[in-house]
Amino acid sequence: MAGIPVDGTAFAVFDMQELTADSFDAALQSAGDELAVVFFWGLDCFNCEIAKKAMLAQPDAIRALGLRWFHSNVYEHRDLGRRFVLHGVPTWFFFHRGKRLGRATGWHGLAQFEAAVAAAREKIRAAGAGTPGIGRSA
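Shown next, in the form of structure tokens:
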């Protein structure tokens with residue numbers, strides 16, 4: 005599939021790093037304390053293209069979410085699709101320090117995506133509130 009052209013505009017605009025099964029875990033660790041999101045997509049996936057175009061139509065709002073972006077074509081990297089039990093694409097998984105926090109399946113608009121990001125950030129905050137020295141004011 006590597007020889008088939010893919011519109012990578014969204015990948016470039018949002019500085020999405022491509023992931024394979026071999027690079028997945030190390031790449032997520034490289035995000036450190038940033039909220040990481042992996043955009044799972046597939047070649048010739050109509051809904052994936054709709055999602056990319058919708059994101060490109062509002063780049064400032066997408067950037068304002070403050071995410072560290074990654075992407076993977078699960079039609080090419082089927083082992084990742086199996087690992088995350090994907091039943092369809094597009095799907096976004098949120099991670100913090102390598103720990104999976106949640107997912108968003110399908111593009112249902114910016115407001116719902118923002119809600120998924122907020123839910124992931126709340127999980128980070130809640131985990132930090134329970135740990136002395138993390139997430140608490142001195």
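Just so we're on the same page, our numbering is the position in the sequence shown counted from 1, plus 4. Don't be surprised by glycine CBs; every beta carbon is placed ideally from N, CA and C.
Return helix, strand or coil for residue i, following the three-state DSSP convention.
i, result
"residue 22", "strand"
"residue 118", "helix"
"residue 35", "coil"
"residue 64", "helix"
"residue 85", "helix"
"residue 149", "Look at the range of the chain in this structure, 5 to 142, and you will see that residue 149 is not part of it."
"residue 52", "helix"
"residue 80", "coil"
"residue 29", "helix"
"residue 132", "helix"
Under a Cβ-count criterion, where at least 16 other Cβ atoms within 10 Å of its own Cβ denotes burial, should residue i be classed as buried or exposed?
i, result
"residue 81", "buried"
"residue 129", "exposed"
"residue 94", "buried"
"residue 56", "buried"
"residue 31", "buried"
"residue 46", "buried"
"residue 50", "exposed"
"residue 100", "buried"
"residue 133", "exposed"
Just grab the DSSP bridge partners of residue i for me.
i, result
"residue 74", "21, 42"
"residue 108", "96"
Starting from residue i and walking both ways along the beta strand (DSSP E), at which residues does that stretch end?
i, result
"residue 101", "Neither: residue 101 is in no beta strand (DSSP E) and is coded neither H nor E."
For residue i versus residue j, is the C-beta distance shorter than 9 Å?
i, j, result
"residue 88", "residue 97", "yes"
"residue 114", "residue 66", "yes"
"residue 75", "residue 43", "yes"
"residue 39", "residue 105", "yes"
"residue 19", "residue 73", "yes"
"residue 122", "residue 84", "no"
"residue 4", "residue 119", "With the chain running from 5 to 142 in the structure shown, residue 4 is simply not present."
For residue i, report the span of its alpha helix (DSSP H) as first-last.
i, result
"residue 69", "Segment: none, residue 69 is in no alpha helix (DSSP H) and carries neither H nor E."
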